[in-house]
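So the mapping is simple: my numbering equals the position in the sequence shown, first residue as 1, plus 79.
Ideal Cβ positions, reconstructed from N, Cα and C, are used throughout, including at glycine.
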Amino acid sequence: MSLYDKHVLPKLVHFACSQQPAMRQRQKIVPLAKGRVLEVGLGSGLNLPYYDASKVSKVWGLDPSPEMIQIAETRARSVNFDVEFIDLPGEHIPLETNSVDTVVVTYTLCTIVDVDRAIKEMLRVLRPDGELVFCEHGIAPDVSVRRLQKCINPLWKRIGGGCHLNREIPKLIEQNGFRIKEMEAMYISGWRPASYNYWGTAISGVL
Ligand SMILES: C[S@@+](CC[C@H](N)C(=O)[O-])C[C@H]1O[C@@H](n2cnc3c(N)ncnc32)[C@H](O)[C@@H]1O
80 MSLYDKHVLP KLVHFACSQQ PAMRQRQKIV PLAKGRVLEV GLGSGLNLPY
130 YDASKVSKVW GLDPSPEMIQ IAETRARSVN FDVEFIDLPG EHIPLETNSV
180 DTVVVTYTLC TIVDVDRAIK EMLRVLRPDG ELVFCEHGIA PDVSVRRLQK
230 CINPLWKRIG GGCHLNREIP KLIEQNGFRI KEMEAMYISG WRPASYNYWG
280 TAISGVL
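Here's what the structure looks like:
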């Protein structure tokens with residue numbers, strides 16, 4: 080791992096993800112989580128204060144980056160529910176099948192290398208009537224922005240820890256076994272190639 084990845088990237092990601100427009104998005108969806116929750120790509124733990132402690136019994140916070148988990152540990156000390164960290168990637172979730180009530184994923188499907196496998200893993204660990212709660216940035220509806228996303232992507236991936244600007248979020252979720260129950264999408268404030276957000280809930284597509 081490079082010095083940039085170890086020392087600069089975690090602080091950069093934390094800074095970018097803690098901007099007000101993204102924090103407002105967290106407020107819209109994280110309180111929907113209930114029961115035993117798995118958050119995939121916990122990062123620096125920015126969602127932790129938005130969980131409704133009266134509805135959540137435990138949060139497993141999975142992230143392959145020890146540097147991000149280290150930042151999240153501080154935030155985990157001030158919440159009123161149990162947080163257990165898992166320092167592994169989402170492609171290999173070490174939890175039993177049908178063992179969690181809610182999976183939460185925010186601003187992470189853009190980064191996971193084998194995103195199809197990770198979404199299938201989320202479906203596997205989720206109880207059959209459980210919910211996936213998501214908020215992600217992805218492909219924009221405007222041709223001009225899409226062009227820009229495609230053009231900047233290779234450089235962006237290198238400086239952004241593998242982040243893709245133009246993943247097709249709803250398609251990814253649905254092609255890996257979920258059915259989207261509710262979803263909204265719009266540009267939030269900020270740089271347009273990285274600010275088209277998709278957020279909502281999804282359930283197993285086989286129900
Ligand atoms: C842009 S950050 C978002 C963090 C957090 N979800 C948030 O909303 O602030 C992306 C996170 O995905 C994590 N990540 C990278 N590869 C991953 C993988 N294969 N599985 C799960 N998380 C991954 C990174 O370590 C990073 O913490």
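Cβ neighbours of residue i in the same chain (closer than 6 Å, five flanking residues each side left out)
i	result
Phe43	The structure shown does not extend to residue 43, since the chain is modelled only from 80 through 286, so no value can be given for it.
Gly284	Gly256, Phe257, Arg258
Gln98	none
Ser78	As displayed, the chain neither begins before 80 nor continues past 286, which places residue 78 out of reach and without an answer.
Ile108	Val212, Cys214, Trp278
Ser178	Val204
Leu174	Val204
Three-state secondary structure assigned by DSSP to residue i
i	result
Tyr83	helix
Ile282	strand
Pro232	The question names Pro, but residue 232 in the sequence shown is Asn. Correct three-state label for Asn232: helix.
Lys113	coil
Asp195	helix
Val204	helix
Glu253	helix
Thr190	coil
Cys96	helix
Val158	coil
Ile150	helix
Arg258	strand
Leu211	strand
Tyr129	helix
Ser136	strand
Ala264	strand
Leu167	coil
Leu91	helix
CA-to-CA distance, residue j to residue i, given in whole angstroms
i	j	result
Asp180	Gln106	19 Å
Phe161	Lys134	Note that residue 161 corresponds to Asp in the displayed sequence, not to Phe. Their backbone Cα atoms lie some 12 Å apart in a straight line.
Ile172	Cys214	20 Å
Cys230	Ala273	13 Å
Glu170	Ala197	4 Å
Leu104	Val212	Note on identity: in this sequence residue 104 is Gln, with Leu being the wrong assignment. Near 12 Å, if we compare the C-alpha coordinates of Val212 and Gln104.
Asn159	Pro220	40 Å
Leu244	Tyr186	11 Å
Pro128	Arg154	8 Å
Asn126	Leu167	19 Å
Met80	Leu205	32 Å
Ala264	Tyr277	4 Å
Ala142	Pro207	Per the sequence shown, residue 142 should be read as Asp rather than Ala. Roughly 24 Å between the two C-alpha positions.
Ala101	Tyr266	11 Å
Asp84	Lys90	10 Å
Residue i vs residue j beta-carbon contact at 8 Å
i	j	result
Gly269	Leu88	no
Glu253	Gly279	no
Val116	Val138	yes
Gly114	Ser136	yes
Glu118	Val183	yes
Beta carbon proximity, residue i to chain E, threshold 8 Å
i	result
Ala132	Considering every chain present, this structure includes no chain E. It has just one protein chain.
Neighbourhood of residue i by C-beta distance below 8 Å, restricted to the same chain and skipping five residues each side
i	result
Glu247	Gly217, Ile218
Pro233	none
Val224	Arg271, Pro272, Tyr275
Leu251	Leu188, Val194, Asp195, Ile198
Gln228	Ile218, Ala219, Leu244, Asn245, Pro272
Chain-order list of residues whose beta-carbon lies under 7 Å from that of residue i (same chain, five-residue window excluded)
i	result
Leu202	Asn255, Gly256, Phe257, Ser283
Cys242	Cys189, Thr190, Trp235, Lys236
Val192	Gly241
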